[in-house]
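>
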Amino acid sequence: MVDFWVGENVSTSKKKILILGESHYDEKKLEGEEVTEDCTRYVMNSYFTKEYKYVFFDRISASFGFKNHGDAVVFYNKVYFGNYITHYCESHGGKVAEKMIKEHRTDYNNRLFKFINENKIDIVVCFSKRSYWSLPGRNELEDNGITYKINGSGARRSRTIHKYVYRKNLEHNGCDEILTNDLIVYGIAHPSDSFGYRPDAVYEYLKDEGVAN
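If you want it as structure tokens, here you go:
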């Protein structure tokens with residue numbers, strides 16, 4: 143199963159943050175097959191060396207206030223990163239992603255919460271609404287999630303960011319793993335969203351939340 147990316151300087155971060163994407167895709171049309179173990183690590187290293195350009199990573203780092211490539215590399219070496227879905231999906235459309243989630247949601251959530259427990263993650267920032275809404279369900283002892291509106295661009299004047307707090311030692315639907323610490327999760331639109339993604343607006347929100355500097 144594909145590994146999560148662990149930044150080499152995560153131990154220097156005051157808060158342990160996991161950036162959660164949606165899925166990997168492959169030009170060889172391997173939709174539905176398991177992502178190779180070292181795929182995420184290869185992608186991150188390719189981004190660092192500029193072997194490939196990934197607008198996805200540029201926009202996420204800019205959402206935390208890091209706008210040039212050098213600063214982005216520093217940022218990613220202080221966080222964790224991984225995709226929610228562990229099978230290859232198509233680059234556009236989402237049909238394969240929906241199918242994989244329907245078939246493997248509990249497995250994906252078990253993998254995620256196990257990694258969160260092992261690494262004592264404090265915050266998950268999910269840059270995929272599809273992934274966010276597939277996370278373990280709310281326990282009745284937890285508060286309802288909160289939805290915030292931020293400025294959008296293009297055809298959509300406003301966008302939403304969701305926030306949810308999972309409490310430790312509680313069971314959650316769609317997951318067998320029990321969190322050992324409280325966890326804050328944010329749900330944000332995918333940076334490639336066709337309605338126009340504004341890193342500056344996301345940054346202002348994350349800054350107010352104390353997640354971005």
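Residue numbers (our numbering): 143 to 355. All C-beta atoms, glycine included, are put in the ideal place defined by N, C-alpha and C. Treat the numbers as computed from the prediction; the structure is a model and nothing was measured.
Determine the DSSP secondary structure at residue 202, reduced to helix, strand or coil.
Numbered from 1 along the sequence shown, position 60 holds the residue referred to as residue 202. Helix.
> Along the chain, where does the beta strand (DSSP E) containing residue 269 start, and where does it finish?
Here the question's residue 269 lines up with position 127 in the sequence shown. It is not in any beta strand (DSSP E) - residue 269 carries neither H nor E in the DSSP assignment.
> Is residue 252 closer than 8 angstroms to residue 317 when the C-beta atoms are compared?
By one-based count along the sequence shown, residue 317 stands at place 175. By one-based count along the sequence shown, residue 252 stands at place 110. Yes, Cβ-Cβ distance for residue 317 and residue 252 is below 8 angstroms.
> Can you tell me whether residue 186 is buried or exposed, with buried defined as 16 or more other CB within 10 angstroms of its CB?
To locate residue 186, count along the sequence shown from 1; it is residue 44. Buried, since its Cβ has 16 or more Cβ neighbours within 10 Å.
> Going by the beta-carbon positions, is the gap between residue 304 and residue 338 smaller than 8 angstroms?
Taking the sequence shown and counting its residues from 1, one reaches residue 304 at position 162. Taking the sequence shown and counting its residues from 1, one reaches residue 338 at position 196. No, the Cβ-Cβ distance between residue 304 and residue 338 is not below 8 angstroms.
> Could you check whether residue 203 and residue 214 sit closer than 8 angstroms to each other, using their CB atoms as the reference points?
Taking the first residue of the sequence shown as position 1, residue 214 is located at position 72. Taking the first residue of the sequence shown as position 1, residue 203 is located at position 61. Yes, Cβ-Cβ distance for residue 214 and residue 203 is below 8 angstroms.
> Pull up the DSSP beta-bridge partners for residue 147, would you.
To locate residue 147, count along the sequence shown from 1; it is residue 5. In DSSP, residue 147 forms a bridge with 223.
> Alpha carbon to alpha carbon, how far is residue 340 from residue 153? Give it in angstroms, no decimals.
The count along the sequence shown starts at 1 and reaches residue 153 at position 11. The count along the sequence shown starts at 1 and reaches residue 340 at position 198. Cα-Cα distance, rounded: 30 angstroms.
> Any chance the CB of residue 227 is under 7 angstroms from a heavy atom of the ligand ZN?
Within the structure as shown, the ligand ZN is missing, as the structure has no ligands at all.
> Are the CB atoms of residue 239 and residue 193 within a distance shorter than 8 angstroms?
By one-based count along the sequence shown, residue 193 stands at place 51. By one-based count along the sequence shown, residue 239 stands at place 97. Not closer than 8 angstroms, so no.
> Give me the Cα-Cα distance between residue 232 and residue 168, rounded to the nearest whole angstrom.
Taking the sequence shown and counting its residues from 1, one reaches residue 232 at position 90. Taking the sequence shown and counting its residues from 1, one reaches residue 168 at position 26. The alpha-carbon atoms of residue 232 and residue 168 are separated by roughly 7 angstroms.
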